[in-house]
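Okay, so here's the structure we're looking at.
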Amino acid sequence: MTEKVRTRFAPSPTGFMHIGNLRTGLYAYLFAKKHGGTFILRIEDTDQERKVDGAVEMVYRTLATAGINYDEGPDKDGGYGPYIQTERMGIYKQYAEELVKKGGAYYCFCDKERLESLRDENGVHTYDKHCRNLSEEEVQRRLAAGEPYVIRQKVPEGVVSEYEDMVFGKISVDSADIEDGILLKSDGLPTYNFANVVDDHLMGITHVIRGTEYLSSTPKYNLIYDAFGWERPKYMHLPPIMKDATRKLSKRFGDANFEDFILKGYLPEAIVNYIALLGWCPKDNREKMSMQEMIEAFDTDGISKSSSIFDEQKMRWLNGEYLKAMSADEFFEVALPFVEKAIGDAKWDKRELAALMQTRVDVLSDIGEKLAFLNEFGEYDLNMYIHQKMKVDFNVAKQAVKVAICALEALSDWTEEGIKECVRQAAEGAGMKAGQVMFSMRVALTGAPVTPGGAIEMAIVLGKEESLQRLKFSQELLEKAE
RNA sequence: GGCCCUAUGGUCAAGUGGUUAAGACAUCGCCCUUUCACGGCGGUAACCCGAGUUCGAACCUCGGUAGGGUCACCA
776 MTEKVRTRFA PSPTGFMHIG NLRTGLYAYL FAKKHGGTFI LRIEDTDQER
826 KVDGAVEMVY RTLATAGINY DEGPDKDGGY GPYIQTERMG IYKQYAEELV
876 KKGGAYYCFC DKERLESLRD ENGVHTYDKH CRNLSEEEVQ RRLAAGEPYV
926 IRQKVPEGVV SEYEDMVFGK ISVDSADIED GILLKSDGLP TYNFANVVDD
976 HLMGITHVIR GTEYLSSTPK YNLIYDAFGW ERPKYMHLPP IMKDATRKLS
1026 KRFGDANFED FILKGYLPEA IVNYIALLGW CPKDNREKMS MQEMIEAFDT
1076 DGISKSSSIF DEQKMRWLNG EYLKAMSADE FFEVALPFVE KAIGDAKWDK
1126 RELAALMQTR VDVLSDIGEK LAFLNEFGEY DLNMYIHQKM KVDFNVAKQA
1176 VKVAICALEA LSDWTEEGIK ECVRQAAEGA GMKAGQVMFS MRVALTGAPV
1226 TPGGAIEMAI VLGKEESLQR LKFSQELLEK AE
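Plus 775 on top of the position in the first sequence (first one is 1) and you've got our numbering.
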């Protein structure tokens, strides 16, 4: 490791940031940090037509909440700026001209009509190198005459361009299959193909980490490095993340959007942890890892070559693991907004509720439905009282509720211990099993078949007054049913 | 269509010539239990197909098949 590692993440601000884009940034970050290197953010905003307002801010925000901190970027000058591509527009033309002088590029005056006529039966066209061998005089004359032109890459003939990809191994492409692509457009601005190479070189990028969509064009870029006499960077291409077997995650359809997940109540750490696992497996097969642990464990060997399908179910599970690992206070803090949203102005003890939720939700937004019974108590289906295993039926339930009311009305110690003891004794006195009373009481208190906690927990959350009110309501309901 | 790449349970994935082919999610069953959840235990379930190399192939080679990527004055 002679030179210091420098990696970059170069998103184009054309919309939301999905999990796939983020993962590319994450790997570039992990790789840099693993090797004590520098991680750079560069905004590739040259495509003004696809540009989306606010998208740049979204990139900053997303990286910050994800904990992916860049060492150099638009707002963090490291001496290699500007870091926003549109601010670099002045530099490409001179490099393109330099490349022409070095024999790696040439002027082309072909117009769009001519290019169109080159299409084959599949609608694919390959430039026929028409202007590749124009004489020096002719080029100068046409340039002087003000003819519009582009500068094209002069791909060497009869060579095989190959390189060793860090995840895919040897990639080789015959130069006959590489087009003399446009480097500098007729408006004087560079195409991505060119800007990308120039920027990466000027910014001293040592390891280019990006998606596989560039895998087969990398040999072409390498030819540009060669023509300039620049050192080629190392490459790490990452397989795509799919939404199903045949479709990639797409920005256009808002798939797997990072910020949406945050809104839904996923923890940023859990999302980042999960996406790190999509396409990479640490040597010891760990799954739950902090950013620091991922940095330490990150290695190129564990990166997979095949695409993977994004599985929200597994991300939910991981998120649940993070939630359960929190202290009660930490959990309360993140859960509070969701609890408040669920109960509105109601008086319930939020801390109690949050405590009940911690082992019961994988994603914070699940809190709403789990707490719905609090504000939705009313007439309910009495069949809920029938429970074979519990040995509860209408009659048992009726008696149980009655017993519970009698006992609890006199109870002053409204705590877990107090209620438990009280109900237990009352059940015994009535010749019933404690479980039968508990079960009936829980249903009577909530009117719900499933609740986040048992009878005692529900009674505590509801408080004595509300509990007795609900029990009496249920008692009437049961009697009316006769 | 040309070129590049990929292929282990439903999903994520270990595995690099000899394994009872890990583990996790999901799923199913049991235990715990005042419902649900948590926790614990267990089950079902995979090497795309065909040749070859080899004493031996999920692993190596070739050919199919399937899927992805790319072939723009987009990035």
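Backbone N, C-alpha and C fix where the C-beta goes; we use that ideal spot for every residue, glycine too.
Computed from a prediction, not measured in an experiment: that's the story for all the values here.
For the beta strand (DSSP E) that contains residue i, what are its first and last residues?
i              : result
alanine 880    : 880–883
arginine 781   : 781–784
isoleucine 815 : 813–816
leucine 1013   : 1009–1013
Could you tell me which of the options sits nearest to residue i, measuring between CA atoms?
i                  : options                           : result
phenylalanine 1107 : Lys1125, Ala803, Tyr1097          : Lys1125
serine 741         : Ser1065, Gln860, Asp1019, Phe943  : The first residue shown for the chain is 776 and the last is 1257, placing residue 741 beyond what the model contains.
methionine 978     : Pro1008, Lys995, Ile957           : Pro1008
glycine 1095       : Ala1045, Trp1189, Arg1022         : Ala1045
glycine 865        : Glu888, Ser1215, Gly963, Ser1081  : Gly963
threonine 789      : Asp828, Gly853, Val948            : Asp828
proline 994        : Leu1052, Val934, Lys1039          : Val934
isoleucine 882     : Gly956, Met1213, Glu939, Leu805   : According to the sequence provided, residue 882 is tyrosine. The question's isoleucine does not apply to it. Nearest C-alpha to tyrosine 882: Gly956.
alanine 1075       : His976, Ser787, Glu939            : Note on residue identity: the sequence assigns threonine, not alanine, to residue 1075. Checked all of His976, Ser787, Glu939; the closest Cα to threonine 1075 is Glu939.
glutamate 847      : Ala871, Tyr804, Asn1158           : Tyr804
arginine 780       : Tyr802, Asn796, Ile953, Gly811    : The residue asked about is misnamed: residue 780 is valine in this sequence, not arginine. Ranking Tyr802, Asn796, Ile953, Gly811 by Cα distance to valine 780 puts Gly811 first.
glycine 1222       : Lys1089, Lys887, Asn1048, Glu1154 : Glu1154
How far does the alpha helix (DSSP H) with residue i in it reach, from first residue to last?
i                 : result
arginine 1245     : 1230–1255
threonine 1221    : 1209–1221
phenylalanine 791 : Looking at the DSSP string, phenylalanine 791 is not in any alpha helix (DSSP H), and its letter there is neither H nor E.
lysine 1164       : Per DSSP, lysine 1164 belongs to no alpha helix (DSSP H) and is neither H nor E.
methionine 833    : 830–841
asparagine 1150   : 1147–1150
asparagine 1170   : 1169–1184
glycine 1197      : With the sequence shown as reference, residue 1197 is identified as cysteine, and glycine is not the correct amino acid for it. 1191–1204 is the span of the alpha helix (DSSP H), which, as asked, contains cysteine 1197.
methionine 1066   : 1066–1072
tryptophan 1092   : 1087–1100
In angstroms, rounded to a whole number, what distance separates the CA positions of residue i and residue j?
i                  : j               : result
glutamate 1232     : proline 1015    : 47 Å
leucine 893        : cysteine 885    : 11 Å
glutamate 988      : lysine 929      : 22 Å
methionine 1011    : valine 1109     : 37 Å
cysteine 1181      : lysine 1145     : 29 Å
glutamate 1240     : arginine 1022   : 56 Å
alanine 1031       : isoleucine 794  : 6 Å
aspartate 1086     : lysine 1099     : 20 Å
methionine 776     : arginine 917    : Caution is warranted here: a pLDDT of 45 is assigned to methionine 776, below 50, making its placement in the model unreliable, and no coordinate value can be reported.
glycine 856        : alanine 1147    : 53 Å
alanine 1201       : leucine 838     : 58 Å
phenylalanine 1028 : lysine 1018     : 11 Å
serine 1025        : glycine 854     : 34 Å
glutamate 832      : aspartate 1141  : 29 Å
threonine 966      : glutamate 1068  : 39 Å
glutamate 819      : threonine 782   : 15 Å
aspartate 895      : threonine 901   : 8 Å
phenylalanine 969  : lysine 877      : 15 Å
leucine 990        : glycine 1229    : 57 Å
asparagine 1048    : isoleucine 1084 : 16 Å
glutamine 915      : leucine 909     : 10 Å
Taking residue i and residue j to be in contact with their CB atoms under 8 Å, please state how far apart those CB atoms are, rounded to whole angstroms.
i                  : j               : result
leucine 1246       : alanine 1219    : 5 Å
serine 1249        : valine 1176     : 6 Å
phenylalanine 1033 : methionine 792  : 5 Å
glycine 1054       : threonine 799   : Actually they are not in contact, since the Cβ atoms of glycine 1054 and threonine 799 sit about 10 Å apart, beyond 8 Å.
glutamate 1191     : isoleucine 1235 : 7 Å
valine 1225        : valine 1212     : Going by Cβ atoms, the distance from valine 1225 to valine 1212 rounds to 19 Å, so no, they are not a contact pair.
Quick check: is any heavy atom of the ligand HEM less than 7 Å from the C-beta of residue i?
i             : result
glutamate 872 : Ligands are entirely absent from the displayed structure, and the ligand HEM is therefore not among its contents.
Entirely enclosed beta strand (DSSP E) segments - the region 906–994, minimum 3 residues: 925–928, 935–940, 944–949, 957–959, 982–986
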